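Working notes for the structure below.
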Amino acid sequence: MPIIRVELFEGRTTEQKREYAKALTEASVRVLGIDAGAVDVIFSDVRKSDWATAGVLWSDKPKA
């Protein structure tokens, strides 16, 4: 039973998460040959102030 943990910046809609969970589940079924009921997807929303890359908080990065 795979458990897929997905960490994303907060702000994704429920519909986006629903679609992503479906895609991850379908890929797991296809690649691993398992039943969809065996796949769990857990989403964690992370604030940009709680995530840093190269020592810089994402909330401090200039807007692109």
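The numbering of the sequence shown is the numbering used here, which starts it at 3 and goes up by one.
Cβ coordinates follow ideal geometry from the N, Cα and C atoms, glycine included.
Predicted, not measured: the structure shown is a model, and the values here were computed from it.
Looking at residue j and residue i, is the spacing between their C-beta atoms short of 8 Å?
i	j	result
SER46	PRO4	no
ARG7	ILE36	no
For residue i, which residues in the same chain have their Cβ closer than 8 Å to its Cβ, ignoring the five residues on either side in sequence?
i	result
PHE11	ASP47, VAL48, ARG49, LYS50, TRP53 and TRP60
Note down the Cα distance separating residue i from residue j, rounded to an integer number of angstroms.
i	j	result
ASP42	LEU26	9 Å
THR55	GLU9	14 Å
LEU34	GLU28	10 Å
VAL58	LYS65	14 Å
ALA40	LYS24	13 Å
On the DSSP letters alone, give me the boundaries of the alpha helix (DSSP H) that residue i sits inside.
i	result
GLU17	16 to 34
Taking residue i as part of the beta strand (DSSP E), name the residues at either end of that continuous run.
i	result
VAL48	42 to 48
GLU9	5 to 11
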